[in-house]
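The sequence shown maps to residues 36 to 232 in this note's numbering.
For every residue, glycine included, the Cβ atom is placed at its ideal position computed from N, Cα and C.
All of these numbers come straight from a predicted model, not from anything done at the bench.
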Amino acid sequence: MALSEDLDRFEILLRQLQAKWDMFFAGVERKPPLELQGQVDVLVKRYANAEIRNSGERFRLQTLTARFTTFNELWQKRLRAREEGKVFGMHGLRAEQVPAAPPAPAPAPPAAPRSSAGGEFRVADGQRDQAAIRALYDSYVDERRRAGDAAAPAFDAFRQLVSQQAERIRSEKGAKAVDFRLETKDGKVSLKARVVR
């Protein structure tokens with residue numbers, strides 16, 4: 036197979052692998068995509084020490100290999116952290132144990148979530164608060180684009196994950212709801228959760 040065809044295949048497999056890992060960490064897939072990762076590993080090893088005269092193909096291979104290596108390290112860290120019970124399953128999603136603020140005199144209804152970049156999105160029930168989750172997702176995707184990362188999980192996986200985490204935090208902390216907000220640090224966008232009592 037020609038190098039250019041292998042590079043096209045490498046790019047497609049890498050995109051599929053990203054999506055499969057995102058689904059695994061979101062709880063949609065039960066097992067990590069190790070078989071697909073093995074296929075990418077084979078391509079990386081095939082050209083690891085090969086001399087490539089075409090500078091365009093060499094640059095493309097180096098770029099894809101670097102992306103795969105970076106993603107692979109991230110996936111392994113997240114997998115280890117997940118096994119240790121430290122993460123919830125999505126890019127940097129974690130709960131902060133921040134004392135809840137005293138209740139506001141007139142809280143905004145969940146059907147009209149704030150959509151500003153620094154706003155919080157209240158989720159009390161994953162089924163009832165679809166508008167808040169959709170607004171949170173849209174803000175999350177926009178913020179990731181601004182940070183230079185166009186890849187984002189599918190809305191259904193995101194909704195399921197946020198709903199599960201809101202329910203878990205509510206039951207563990209005895210909360211009425213959970214306020215989610217976005218935080219961008221070192222070019223990485225993450226979700227922070229705050230308990231609402």
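Backbone CA spacing between Lys223 and Ala85 [nearest angstrom]: Taking the first residue of the sequence shown as 1, we reach residue 223 at position 188. Taking the first residue of the sequence shown as 1, we reach residue 85 at position 50. One C-alpha to the other measures close to 34 Å.
Collapsed DSSP secondary structure at Asp214 in the structure displayed: Numbered from 1 along the sequence shown, position 179 holds the residue referred to as residue 214. Here Asp214 sits in strand by DSSP.
Start-to-end residues for the alpha helix (DSSP H) that takes in Arg88: Your numbering for residue 88 matches position 53 in the sequence shown. Looking at the DSSP string, Arg88 is not in any alpha helix (DSSP H), and its letter there is neither H nor E.
Arg157 vs Ala212 beta-carbon contact at 8 Å: In the sequence shown, residue 157 corresponds to position 122, counting from 1. In the sequence shown, residue 212 corresponds to position 177, counting from 1. Contact: yes.
Rounded separation between Ser174 and Phe103 - CA only: As a position in the sequence shown, residue 174 is number 139, starting the count at 1. As a position in the sequence shown, residue 103 is number 68, starting the count at 1. Answer to the nearest angstrom: the Cα atoms are 27 Å apart.
Buried or exposed (CB count within 10 angstroms, at least 16 for buried), Phe94: Residue numbering aside, residue 94 sits at position 59 when the sequence shown is read from its first letter. It is exposed - the Cβ of Phe94 has fewer than 16 other Cβ atoms within 10 Å.
Three-pair Cβ contact test at 8 Å for the segment 64-84 versus the segment 200-216: Not touching, per the Cβ criterion.
Own chain partners of Glu202 with C-beta closer than 6 Å, once the 5 adjacent residues on each side are dropped: Taking the sequence shown and counting its residues from 1, one reaches residue 202 at position 167. Cβ within range, chain order: n/a, list empty.
Same chain only: Cβ atoms within 7 Å of Pro68, ignoring 5 sequence neighbours per side: Here residue 68 corresponds to residue number 33 of the sequence shown, with the count starting at 1. Contacts found: Leu52, Lys55, Trp56 and Phe59.
Simplified DSSP state of Leu226, which is helix, strand or coil: Looking up residue 226 in the sequence shown gives position 191. Leu226: strand per DSSP, three-state reduction.
8 Å contact criterion, which Leu217 and Val197 should meet: CB distance rounded: Stepping through the sequence shown from its first residue, residue 217 is reached at position 182. Stepping through the sequence shown from its first residue, residue 197 is reached at position 162. Taking a contact as a CB-CB distance under 8 Å, the pair Leu217 and Val197 does not count as one, their CB atoms being some 12 Å apart.
Limits of the beta strand (DSSP E) - the one that Val79 falls within: Against the sequence shown, residue 79 aligns to sequence position 44. Premise fails: Val79 lies in the alpha helix (DSSP H), Leu69 to Arg81, not in any beta strand (DSSP E).
Beta-carbon spacing of Thr219, Ala186 below 8 Å: In the sequence shown, the residue the question calls residue 219 occupies position 184. In the sequence shown, the residue the question calls residue 186 occupies position 151. Not closer than 8 Å, so no.
Residues near Asp41 by beta carbon distance below 8 Å, same chain, minus five either side: The residue you call residue 41 lines up with position 6 of the sequence shown. Leu78, Arg81 and Tyr82.
Proximal residues to Val75 (C-beta, below 8 Å), its chain only, five neighbours per side dropped: Here residue 75 refers to the residue found at position 40 when the sequence shown is read from its first residue. Within the same chain, Val75 has close Cβ partners Phe45, Leu48, Leu49, Leu52 and Phe103.
Helix, strand or coil at Arg157 [DSSP, three-state]: Residue mapping note: residue 157 aligns to position 122 of the sequence shown, counting from 1. Strand at Arg157.
Those residues which DSSP pairs with Thr219 across a bridge: Here residue 219 refers to the residue found at position 184 of the sequence shown. DSSP lists Val224 as partners of Thr219.
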